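Worksheet: the structure to be examined is printed underneath.
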């Protein structure tokens with residue numbers, strides 16, 4: 001049940017299986033709904049969270065009521081194909097409304113071409129508000145980039 005958590009831990013440290021089991025024994029599976037708020041502003045968080053599927057976003061509101069995103073969780077890694085596309089980014093059988101962030105690790109790409117890059121990575125944040133097809137291309141050089149919603 002906690003294979004993803006175990007993989008995450010072992011990717012960062014050498015840990016014996018019984019220690020992993022002990023760590024996992026302190027976690028329980030909690031299923032949440034999309035856009036569910038897990039903790040309110042006047043509450044203190046008393047636990048740890050590990051995202052198996054979906055996205056966790058930490059945000060705050062300032063005194064004017066404006067929202068500021070503090071942290072995004074990484075849910076999955078995808079690799080682009082030869083044409084720079086991710087074939088199956090979202091499940092087309094379900095509704096995918098929400099805010100998404102794509103991180104392009106461009107330094108690795110340019111290093112493979114034996115070139116330096118001004119940007120180590122590029123984050124593109126966008127919002128899906130309907131069930132239409134979304135194409136989010138990035139035009140890239142070693143010292144600049146642009147992006148837009150394609151069709």
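Numbering (full-length UniProt numbering), first residue to last: 1 to 151.
Note that CB positions come from ideal geometry on N, CA and C, so glycine has one too.
What you are looking at is a predicted structure, and each value in this text was computed from that prediction instead of being measured.
field: Whole alpha helix (DSSP H) elements within the UniProt domain "Transthyretin/hydroxyisourate hydrolase" (67-150), 4-residue minimum
entry: 106-112
- prompt: What did DSSP end up calling residue 29 once you bin it into helix, strand or coil?
  reply: coil
- request: Using only alpha-carbon positions, find the residue among 105, 131 and 148 that is nearest to residue 137.
  value: 148
task: Examine the Cβ distances between the region 115-123 and the region 100-107 and report whether three or more of them are shorter than 8 Å.
output: yes
message: Taking the straight line between their C-alpha atoms, what separation do you get for residue 31 and residue 83?
response: 36 Å
task: Mind checking which residues open and close the alpha helix (DSSP H) that includes residue 195?
output: Lying before the first or after the last residue shown, residue 195 is absent from the chain, which here runs from 1 to 151.
- prompt: Over what stretch of residues does the alpha helix (DSSP H) that includes residue 3 continue unbroken?
  reply: 3-10
task: Compute the Euclidean distance between the alpha carbons of residue 3 and residue 48, then round it to the nearest angstrom.
output: 17 Å
query: When burial is assigned at 16 or more other CB atoms within 10 Å of the CB, is residue 63 buried or exposed?
result: exposed
- prompt: For the candidate residues 135, 127, 132 and 117, whose alpha-carbon lies nearest to that of residue 145?
  reply: 117
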